[in-house]
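Protein chains in written order, with UniProt numbering: chain A, 1 to 336; chain B, 1 to 336; chain C, 1 to 336; chain D, 1 to 336; chain E, 1 to 336; chain F, 1 to 336.
Yeah, the Cβ is synthetic: ideal placement off N, Cα and C, and Gly gets one too.
Before any comments, here is the structure.
Number of protein chains: 6
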Amino acid sequence: MKKVVALGEVLLRLSTKDHLKFSQAIEMNADYGGSELNVLTGLSNFGMKSEMITRLPANDIAETALMQMRKYNVGTNFIAKGGDRLGLYFLEKGASVRGSKIIYDRAYSSFAHIEKGMIDWKAAFKDATWFHWSGITPGVSQGAADVCMEAIEVASEMGLTISTDFNYRANLWNYGKTPGEVMEKMVAKCQVILAGDYASKQYFDIDPEGATEKELQQSLCEKLKERFPSSEKIIITNRKNISAMHNTWSAVLYDGKNLLESESYNITDIVDRIGAGDSFMGALIYGLNYYEDQKALDFAVAASCLKHTIYGDANLVSKEDVEDLMGGNVSGRVKR
Amino acid sequence: MKKVVALGEVLLRLSTKDHLKFSQAIEMNADYGGSELNVLTGLSNFGMKSEMITRLPANDIAETALMQMRKYNVGTNFIAKGGDRLGLYFLEKGASVRGSKIIYDRAYSSFAHIEKGMIDWKAAFKDATWFHWSGITPGVSQGAADVCMEAIEVASEMGLTISTDFNYRANLWNYGKTPGEVMEKMVAKCQVILAGDYASKQYFDIDPEGATEKELQQSLCEKLKERFPSSEKIIITNRKNISAMHNTWSAVLYDGKNLLESESYNITDIVDRIGAGDSFMGALIYGLNYYEDQKALDFAVAASCLKHTIYGDANLVSKEDVEDLMGGNVSGRVKR
Amino acid sequence: MKKVVALGEVLLRLSTKDHLKFSQAIEMNADYGGSELNVLTGLSNFGMKSEMITRLPANDIAETALMQMRKYNVGTNFIAKGGDRLGLYFLEKGASVRGSKIIYDRAYSSFAHIEKGMIDWKAAFKDATWFHWSGITPGVSQGAADVCMEAIEVASEMGLTISTDFNYRANLWNYGKTPGEVMEKMVAKCQVILAGDYASKQYFDIDPEGATEKELQQSLCEKLKERFPSSEKIIITNRKNISAMHNTWSAVLYDGKNLLESESYNITDIVDRIGAGDSFMGALIYGLNYYEDQKALDFAVAASCLKHTIYGDANLVSKEDVEDLMGGNVSGRVKR
Amino acid sequence: MKKVVALGEVLLRLSTKDHLKFSQAIEMNADYGGSELNVLTGLSNFGMKSEMITRLPANDIAETALMQMRKYNVGTNFIAKGGDRLGLYFLEKGASVRGSKIIYDRAYSSFAHIEKGMIDWKAAFKDATWFHWSGITPGVSQGAADVCMEAIEVASEMGLTISTDFNYRANLWNYGKTPGEVMEKMVAKCQVILAGDYASKQYFDIDPEGATEKELQQSLCEKLKERFPSSEKIIITNRKNISAMHNTWSAVLYDGKNLLESESYNITDIVDRIGAGDSFMGALIYGLNYYEDQKALDFAVAASCLKHTIYGDANLVSKEDVEDLMGGNVSGRVKR
Amino acid sequence: MKKVVALGEVLLRLSTKDHLKFSQAIEMNADYGGSELNVLTGLSNFGMKSEMITRLPANDIAETALMQMRKYNVGTNFIAKGGDRLGLYFLEKGASVRGSKIIYDRAYSSFAHIEKGMIDWKAAFKDATWFHWSGITPGVSQGAADVCMEAIEVASEMGLTISTDFNYRANLWNYGKTPGEVMEKMVAKCQVILAGDYASKQYFDIDPEGATEKELQQSLCEKLKERFPSSEKIIITNRKNISAMHNTWSAVLYDGKNLLESESYNITDIVDRIGAGDSFMGALIYGLNYYEDQKALDFAVAASCLKHTIYGDANLVSKEDVEDLMGGNVSGRVKR
Amino acid sequence: MKKVVALGEVLLRLSTKDHLKFSQAIEMNADYGGSELNVLTGLSNFGMKSEMITRLPANDIAETALMQMRKYNVGTNFIAKGGDRLGLYFLEKGASVRGSKIIYDRAYSSFAHIEKGMIDWKAAFKDATWFHWSGITPGVSQGAADVCMEAIEVASEMGLTISTDFNYRANLWNYGKTPGEVMEKMVAKCQVILAGDYASKQYFDIDPEGATEKELQQSLCEKLKERFPSSEKIIITNRKNISAMHNTWSAVLYDGKNLLESESYNITDIVDRIGAGDSFMGALIYGLNYYEDQKALDFAVAASCLKHTIYGDANLVSKEDVEDLMGGNVSGRVKR
């Protein structure tokens with residue numbers, strides 16, 4: 001089994017039930033997620049091995065996060081312990097014309113205080129073939145950025161494929177560096193990039209050109225390829241928000257020459273769209289490891305389409321579920 | 001801060017969960033509402049001051065209703081105490097092609113036994129600029145009608161703007177008077193009327209004429225204006241029921257000359273439509289106090305559109321939420 | 001009141017809440033159902049008398065199933081007691097593009113070990129005018145098939161109308177007989193057949209012919225009528241799955257000459273579609289007893305349309321609810 | 001099977017969960033009970049036939065009450081329909097040193113407006129051997145008292161045994177009669193009396209004399225026997241409140257000569273004590289029908305002891321459960 | 001109505017349900033508390049006016065905390081806004097021999113970053129007669145200690161009575177000062193001290209002397225009185241832990257001469273003991289304002305005894321509830 | 001880390017909430033347990049390695065059981081896959097004088113159909129030092145008994161310590177063998193025996209002799225030691241049932257010479273006593289590996305005492321929690 005390693009923060013997620021407003025809620029659901037963990041949870045369900053790298057405080061809340069990782073087959077062997085608190089976020093689930101709201105409370109977390117040398121990257125990467133990180137990680141703190149760069153360098157040396165999800169978050173990047181100066185050299189060592197036009201503008205001041213959406217996507221991919229020549233696959237997902245519970249969803253993959261396009265799905269009655277992008281990334285990593293590009297793209301879109309029907313941050317569907325949807329069963333027939 | 005006073009009955013609402021039938025429910029959600037209270041709760045969220053006038057029994061259930069009012073910043077300083085019981089209603093939440101069912105159990109309530117002289121209207125209206133009542137209040141009992149007329153007269157004398165929502169309820173008006181003879185002189189003193197064709201027919205035997213919906217609305221407004229010359233704004237909301245969880249929603253405002261029209265919203269995945277009309281009224285009062293007419297109308301429609309996504313009788317969205325929707329964000333994007 | 005008797009297995013249903021995956025659920029809803037019981041529960045709500053024939057173990061779980069039957073006015077006077085266990089099934093409620101999953105755990109149940117002579121059919125059929133069974137029953141075990149044949153013979157002798165729902169389940173029929181050899185002589189004695197193209201193929205190797213859906217339906221009905229000359233009404237329901245929570249639903253009835261067609265309903269925001277076919281059958285039996293064919297068909301389609309909005313296996317709507325929908329109220333208006 | 005008929009009001013019970021105060025509760029449990037119904041539900045579980053006589057409004061809440069009766073095997077064949085509302089009560093479950101609170105909202109109920117002639121007592125009593133009523137019934141309204149007297153007279157004529165539970169409620173008896181003048185002639189026709197010293201004082205101004213508790217009980221029984229010579233068994237239960245969740249519980253039975261005494265139980269960790277007295281009465285009726293007096297008394301005390309462990313108004317334990325406790329198993333061993 | 005002002009931190013409390021371990025919980029209850037807020041909530045229920053001084057971030061979680069304060073009649077007119085986050089704590093409810101666990105996550109909160117000058121103390125104290133603070137507040141941060149001292153000085157100048165609860169928390173006091181050097185001059189200006197032997201040792205290195213518990217209490221009070229001559233009442237509560245759900249509870253009050261003793265309560269089946277000390281303090285402040293010392297002490301003990309039966313941080317019982325318990329009703333009788 | 005291997009059946013447990021009767025429950029909690037799994041879960045929490053051997057069907061319910069094992073650090077590397085169903089049991093939680101009820105539904109399970117050769121015992125025992133089984137396993141079926149004997153033989157050959165818990169279940173042993181003939185040769189190879197007088201009588205017809213409880217325990221141990229000379233430690237737990245929620249709990253350990261005695265704990269307010277014996281066994285295995293006998297016994301008693309406060313089958317407390325209780329903290333103080 002191929003093994004994927006990821007670096008990122010793990011957060012406690014506290015979400016209201018039944019679309020209640022925060023002010024109405026006297027109880028909240030508690031789960032654990034985070035962009036990179038969501039990626040790993042998703043691909044572990046498809047049968048890959050995974051190893052989550054993060055830093056957690058020594059308390060029972062963090063211990064519960066660890067239990068959830070083990071439950072879903074995510075490796076926890078190289079996690080650093082220390083610091084004060086687990087970051088968390090509050091989620092008010094929207095409905096219809098009312099969007100969901102997220103309140104982050106992740107400052108001063110154990111992960112924000114991670115430092116170079118805390119992780120034994122050589123050991124963590126042993127037997128691994130892939131390293132994944134997202135733009136959230138270096139946005140958290142100088143320490144997190146340092147550790148991310150450290151990981152990228154070791155991974156690069158050891159010959160792992162490196163993937164990134166741009167994942168720009170405006171409320172991060174508060175430690176005195178601009179995203180651009182940090183991200184540039186990190187992305188430069190990646191082979192697989194999950195990009196986006198807004199993030200590309202924020203990080204690298206790239207403006208795609210074109211009249212149609214496809215032209216804009218093609219242009220963005222070409223400009224990114226030019227800027228980051230080591231990139232082999234550049235992927236862009238495309239969400240249209242019709243309401244909080246009705247979206248369309250598709251993606252394109254640029255292999256340096258061609259722009260492959262996926263099917264576009266119409267997703268109504270959305271249960272939980274948090275982590276849909278991460279589920280795409282997880283399924284894409286799986287796909288790029290076991291399928292040719294077009295099928296990898298289709299697999300990733302179908303898998304993340306299904307994520308919208310799963311409560312929580314992480315995608316819990318199986319490979320068979322995804323293949324069923326790819327095979328055209330969008331109808332939600334009862335499986336007996 | 002401008003202050004709005006309203007008179008009406010407060011009811012305990014007992015609703016089934018997860019679309020269960022009454023016969024399946026072994027637990028019910030408990031909340032407190034009522035047309036005029038819902039109006040005040042909504043506008044308090046936008047930042048106006050409010051004062052709810054009603055009559056409550058001296059027991060812990062009524063005390064809990066008071067706590068909810070305070071929680072949502074609704075004034076409770078002039079509420080009369082006495083009588084036997086808090087009226088209540090049972091709500092079976094429908095779904096899809098099955099409509100919701102309401103069973104009222106409000107007879108013999110403390111409010112139904114309210115009498116003239118129980119409320120110190122002069123004190124209640126001090127510092128207030130607006131008085132609101134709905135057609136439910138005089139429909140409850142002779143006493144409630146008397147107190148409503150008493151309030152209208154004092155408000156009128158003291159120069160408050162008076163608004164009414166016709167709100168015709170066929171299962172009220174059981175105390176020996178016809179709605180028409182009671183409502184006529186009350187509406188005659190109002191400046192703002194939230195009307196409807198069915199209620200206008202029941203109350204005043206008014207039949208609008210016209211070939212198109214807009215013509216019918218224009219006609220109804222003109223006939224009402226003619227009948228009630230003191231009315232300055234006549235408003236009609238327009239709901240189309242596609243299913244129990246999918247409606248369209250818009251409104252028009254007649255200022256004596258022009259019929260202003262709002263945007264029409266397509267509302268799917270409705271969480272709770274009870275109180276949507278009240279949330280419209282609350283937002284309209286807010287809008288008419290702070291905006292010109294067209295924006296007031298647009299604000300009221302957008303606010304009440306959002307109410308459909310909020311559990312409970314009352315609208316709990318903020319001015320920012322409404323402005324966001326008015327600004328075109330109907331897509332339910334996640335706000336981070 | 002006319003009385004309908006049915007034979008079938010009663011199952012405990014354990015379903016996840018809020019669209020959770022099995023792996024996320026730490027609690028499950030518990031209810032009791034089964035195709036034939038669902039039929040009876042539905043028609044009891046419309047005011048017919050019913051009597052459920054099954055075999056239950058002597059434990060508190062089965063006792064609770066009995067209580068549910070009594071609650072919903074289903075007769076329990078002729079149920080055999082004995083055997084080891086109540087069959088059960090696990091239901092993972094899907095959403096959107098993810099279909100629901102059912103895991104059956106019904107082998108070795110008390111009903112599977114039913115044997116001829118355990119039921120006093122003469123007594124059970126006294127005062128009854130109708131007997132109903134579905135293809136699930138003879139698929140369970142040789143004993144169940146024997147008892148079903150026994151019932152059909154006595155019912156036939158005693159002049160009851162006999163109805164069947166083909167209800168082919170691929171995971172049954174494990175006791176060494178092919179469906180065809182068992183079903184042939186059972187269906188031969190039925191006057192009312194709820195058929196389906198897939199089941200007709202599996203049971204009787206019948207292939208309808210035609211270019212349009214209507215031609216295919218007509219063809220299937222004619223071939224079934226030819227094969228089973230005693231059949232007086234052949235009915236086919238028609239579901240289109242747009243997503244797990246959005247279906248269309250209609251039916252046709254063939255009276256030996258004409259193919260009557262029902263309205264087609266668009267059902268969004270489905271709450272629970274398990275048992276929808278059974279609710280159709282129940283309402284159809286009611287309709288065929290009290291209405292002419294077209295109205296019976298329309299009643300059955302409207303009733304089962306409403307079932308999609310009801311949690312649980314059984315249809316709990318009233319005749320008034322169905323008539324309201326038949327009268328064109330598809331809009332889910334609030335009933336006060 | 002012997003059949004017991006009872007007359008009384010059925011109430012919706014709305015209770016807070018997890019010992020929450022009313023002001024904290026956003027949901028309440030909904031069940032149906034009432035003193036006489038609780039008696040019947042209890043004895044139905046032991047295997048007697050029962051028939052509940054009451055008056056219910058024609059709405060879905062009352063329909064749900066009926067379903068609960070059927071579920072627990074209580075007959076509903078002679079219930080009158082009509083009137084406005086089902087009476088209800090709110091229950092705030094106490095804990096430890098905090099007692100439970102009940103807020104009644106039963107005025108103006110359908111049952112309060114029952115009148116003579118609404119019940120066909122001859123039919124209801126056919127095949128019955130026992131009629132039960134409690135002091136709550138005549139306390140509700142003049143109509144309820146009239147119907148209760150009517151029932152007692154017919155029962156007496158038809159030779160049924162008549163039992164009463166004094167059940168004095170200070171917040172009833174508001175219709176202009178004193179309890180004494182109403183109760184006297186009703187109790188005079190009873191053979192079995194569940195009395196109490198406080199109620200005996202309120203109803204009949206009887207003061208027991210004696211130095212010890214036993215002497216007081218003996219004295220009360222003798223005075224009641226003297227006052228009501230037709231009484232054959234007089235029973236007194238004895239509860240000591242140590243905390244809201246810890247009581248002791250015993251009873252005595254006077255047969256006109258001897259004062260039989262039961263075991264005294266120590267009941268900790270009480271789940272729900274509402275209806276414990278009713279469960280005693282139900283088990284006593286069962287016991288007096290099938291056992292000699294001492295065993296009947298012991299059975300009644302043990303059964304009602306178990307009621308304290310059952311959520312809701314009614315006792316749901318089986319005869320085997322009671323016999324197990326009577327046999328000395330007070331230890332709550334796991335039954336596998 | 002007399003008005004009490006308090007300064008302290010408000011925390012979100014996230015607690016597991018039904019005694020689950022953190023690792024089992026997929027949902028948590030959410031409430032808002034904090035030592036000083038709990039004091040105010042308790043005394044507001046008895047009918048005093050109150051004003052809570054704290055600092056809150058500008059987000060919907062803090063807004064919900066504000067709503068809870070208003071609901072329970074706690075004044076919120078002088079609360080500072082700003083900073084990053086609301087402090088929070090996780091509570092794992094123990095049972096029997098397993099104690100509850102609290103995990104604090106309050107570092108870096110808005111309140112921890114409060115600074116002198118942020119609160120208009122003169123305005124806040126207008127019309128007030130009492131100021132309360134606890135040892136938690138100066139333990140939080142230098143800023144909190146500065147603001148607390150600032151408040152004490154203004155209160156002292158304006159002639160308010162000042163009370164303190166020692167409330168030593170070992171996991172606070174991390175900002176470079178020892179508790180002793182900070183507390184000394186603060187306590188020196190207090191008239192009412194809720195002390196404890198452990199806290200007195202930690203803060204002031206005071207060791208009581210004596211052979212019996214009463215002698216030790218007397219000694220501690222005398223030593224405190226000597227150290228803090230301005231103190232007029234020194235109070236010590238006395239909890240004995242028999243299990244997580246069974247405690248005894250009493251208190252003594254030293255008025256400079258005599259040691260008054262309260263009744264000792266035996267509290268079984270505890271629902272929630274968090275905040276019991278705060279509820280004592282709140283009731284004591286009420287008592288000292290309206291009663292003589294012995295009754296004030298008894299009232300405070302009885303009130304806080306009842307707190308053990310109330311879910312959440314704050315005491316929600318009424319004066320009547322307390323008086324009922326003081327009157328000897330420890331038995332938890334049902335109040336109808 | 002030392003590794004313990006166990007063989008046994010894994011069951012789905014469906015339990016009612018809040019002490020409801022089965023007939024009241026519309027939802028049940030779902031967890032996974034089984035005697036041997038409970039033993040491993042408990043000792044994994046203390047930091048030992050474990051490996052669970054069982055046989056599971058290939059469905060999502062069994063997959064969820066696997067996830068729970070991983071979550072709690074129980075090894076799942078040698079589990080056989082196949083068969084039809086996961087066994088299950090229903091648990092009705094009792095209260096006070098009402099005992100809990102268990103309804104087993106475990107016949108025909110995947111584990112019941114396990115056969116010799118399905119498990120690679122040599123591989124499973126690699127690196128392990130201990131093998132545990134209970135009397136439930138050979139009671140399930142001939143196949144389970146064969147596999148258990150097979151495991152014992154390999155473990156014995158490979159030099160592992162073998163422990164057994166007699167665990168006699170009267171409703172097993174249905175496959176044609178008497179417990180005695182099967183158990184004799186299995187127990188003969190064990191070094192550690194958790195015995196009981198009832199099981200010793202059922203299995204081996206051993207009657208202890210003595211006047212006091214201690215003499216009876218000593219006698220039982222001596223007779224067992226005589227019958228099974230290879231046994232090195234014989235342990236007996238001692239539960240006294242005061243009510244369903246109040247027990248006392250202690251144990252003795254016989255080392256071939258002396259009878260060591262533990263402290264006796266008084267456990268009130270029990271949350272869940274299912275699995276307490278298993279938690280004792282798990283903690284005993286841990287203790288015997290790391291402590292001398294007396295401390296091992298004390299550790300096991302304290303650990304299992306804490307189990308009574310934990311919902312579910314398995315003990316989830318840490319070594320620190322146990323040591324805290326052993327250190328005398330029986331009072332359930334709040335740990336901050």
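Identity of the residues DSSP links to residue i by a beta bridge
| i | result |
| --- | --- |
| PHE131/B | VAL5/B, ILE162/B |
| GLU261/E | VAL252/E |
Residue i, buried or exposed, once every other Cβ within 10 Å from all chains shown has been counted against 16
| i | result |
| --- | --- |
| ASP207/E | exposed |
| residue 363/A | Since the first and last residues shown for chain A are 1 and 336, residue 363/A lies out of range. |
| PRO229/F | exposed |
| THR178/A | exposed |
| ALA112/E | buried |
| GLY117/E | exposed |
Neighbour list for residue i in chain A, Cβ cutoff strictly below 8 Å
| i | result |
| --- | --- |
| ALA30/E | LEU14, ALA25, ILE26, GLU27, MET28 |
Contact with chain E by residue i, beta-carbon distance below 8 Å
| i | result |
| --- | --- |
| ILE102/D | yes |
Test: residue i CB closer than 8 Å to a CB of chain B
| i | result |
| --- | --- |
| TYR108/D | yes |
Cβ-based contacts, 8 Å cut-off: residues of the stretch 256 to 286 of chain A near chain C:
TYR265, ILE267, THR268, ASP269, ILE270, VAL271
Contact residues within the stretch 49 to 79 of chain E, judged by C-beta distance below 7 Å to chain A
ASN59, ASP60, ILE61, GLU63, THR64, MET67
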